[in-house]
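So the sequence shown is residues 2 to 168, counted in our numbering. Backbone N, C-alpha and C fix where the C-beta goes; we use that ideal spot for every residue, glycine too. These numbers come from a predicted model, not from an experiment.
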Amino acid sequence: MASRSPTAATPLRKPSSAPETPMVRDTTNTAPQPVPFPPPQTFDIIPPLHGLLLRLLSAQTAGEGGPRTAGEAGGEAPSGPSGPGQGVQQQNSAAGSGLAPLTAKNLPTEASSIKIRIQKAHAVVGSLPDIDRSVAEQEREIEELENRIVRLNAVLSDFGKRADTGA
2 MASRSPTAAT
12 PLRKPSSAPE
22 TPMVRDTTNT
32 APQPVPFPPP
42 QTFDIIPPLH
52 GLLLRLLSAQ
62 TAGEGGPRTA
72 GEAGGEAPSG
82 PSGPGQGVQQ
92 QNSAAGSGLA
102 PLTAKNLPTE
112 ASSIKIRIQK
122 AHAVVGSLPD
132 IDRSVAEQER
142 EIEELENRIV
152 RLNAVLSDFG
162 KRADTGA
């Protein structure tokens, strides 16, 4: 029989580069989790407001019978910076949206949905954390965090120097 030499057991690779360091998981989270920001549609009030204003302006232009000239208005010039065809363009915009022109009498009813959207957005912003903090408080926190970054960078630099001299 051939003699067999005992095989040397190879040590298993350890998961940590510093075997003396125990693997401890941080049970307390020092950094607060970011608060989920509300969806963008919460703050999107410009398109409905634009549509409302177009409907209101098209009703006014349609009620006047189109753009007036100075002779038709009894010597008065048309008010506002209206160019040629502006009234027609506003009517086409409102008609193109498929909505009827809006009279001043119906304005509060139609504007209520936009008011509600603004109130909801205001409530959402008011419920965000730290909304009541002043600029000075935020600047203090920023300064503290910047100082912490400087300290942590110094610690990392020190570790790098130790690794260079120890290698």
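C-alpha gap between residue i and residue j, whole angstroms
i: P109; j: T43; result: 21 Å
i: E138; j: F38; result: 22 Å
i: S158; j: R152; result: 10 Å
i: S130; j: P102; result: A small correction: the amino acid at residue 130 is Pro; Ser does not occupy that position in the sequence shown. In a straight line, the C-alpha of P130 is about 42 Å away from that of P102.
i: R118; j: V136; result: 27 Å
i: S128; j: T62; result: 42 Å
i: E145; j: R163; result: 27 Å
i: A155; j: P40; result: 40 Å
i: A60; j: S114; result: 20 Å
i: R141; j: H123; result: 27 Å
i: E169; j: D165; result: The structure shown has nothing for residue 169, since the chain only spans 2 to 168.
i: R149; j: F160; result: 17 Å
i: Q34; j: N107; result: 46 Å
i: K116; j: R134; result: 27 Å
i: V36; j: I47; result: 25 Å
Supposed contact pair residue j and residue i - C-beta distance, whole angstroms, cut 8 Å
i: L53; j: E111; result: 6 Å
i: V183; j: I132; result: Past the boundaries of the shown model lies residue 183; the chain is included only from 2 to 168, so the question cannot be answered.
Where residue i sits in the DSSP three-state scheme
i: V136; result: helix
i: I46; result: coil
i: L157; result: helix
i: V36; result: coil
i: P109; result: helix
i: P41; result: helix
i: G167; result: helix
i: T104; result: coil
i: L54; result: helix
i: L129; result: coil
Which listed residue (the options) has its alpha carbon closest to that of residue i
i: L58; options: A105, V36 and P37; result: A105
i: A45; options: V151, Q120, P102 and I150; result: Looking at the sequence provided, one finds Asp at residue 45 rather than Ala. Among V151, Q120, P102 and I150, the Cα nearest to that of D45 is on Q120.
i: L100; options: E147, L55 and F160; result: L55
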